[in-house]
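Just so we're aligned: 676 in this note's numbering is position 102 of the sequence shown, and the numbers increase by one with no gaps anywhere.
Where is the CB? At the ideal position from N, CA and C, for every residue including glycine.
Quick notes on the structure that follows.
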Amino acid sequence: MPTVQQVVRSVIAPITRTRLFRAIGPALLPPAERLVAWLTGGRVQLSGLLVPSLVLHTVGAKSGEPRETYLMYTPDGRGRAIVAGTTFAQERHPAWTYNLLAHPDASITVRGRRLHVRASRIPDDERDAAWARIEAQWPGYRGYERDSGRIVRLFRLQPVTGPHDASM
């Protein structure tokens, strides 16, 4: 029997693939995520109500300044996470992917806990398996890659253990 979350996903997922959503999503969702994070002290993410979500903390590739990005992630075993640079099927790669390429040591916040990670690009021979895992969580998500006209950057975030780290 499907869970409430699965039913809601099946209703919302097709909406996220519409042109209207792709046009307004990038403008509306980040401020909404920041508001919910502020109201809950960072313990709740709006997107986290439907899918596993995290806040990616990177260093700007050009600026060197700290950056935060709210992302869906897909668990990949042993505390690892897969993130996809879909950017609502836009033609350009998202800035956070450039940041990870320049500075692969980053951190994430999941359910209010911060964890140090090292990012690595998922190799071409593992992309189909990674997309299958992602789409098992959010059906049709790879359509963003098709519609963007570019190869979406997929990253695996591997926890870097240290004395003060929490686990996902």
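- Residue environment for Ile725: exposed (fewer than 16 other C-beta atoms within 10 angstroms of its C-beta).
- Ala658 and Ser627 have their alpha carbons spaced roughly 12 Å apart.
- Between Pro713 and Ala676, the alpha-carbon positions lie close to 31 Å from each other.
- Residue state for Tyr644 is assigned as strand, using DSSP reduced to three classes.
- Taken in chain order, the complete alpha helix (DSSP H) segments of 4 or more residues contained in the segment 665-730 are 669-676, 701-711, 717-722.
- Residues of the same chain with a CB within less than 6 Å of the CB of Thr683, apart from the 5 flanking positions on each side, are Val629 in chain order.
- In this structure, Leu624 and Val582 form a Cβ contact; the two beta carbons are roughly 6 Å apart against a cut-off of 8 Å.
- Fully contained in the segment 587-625 are the following alpha helix (DSSP H) runs of length 4 or more, in chain order: 593-613.
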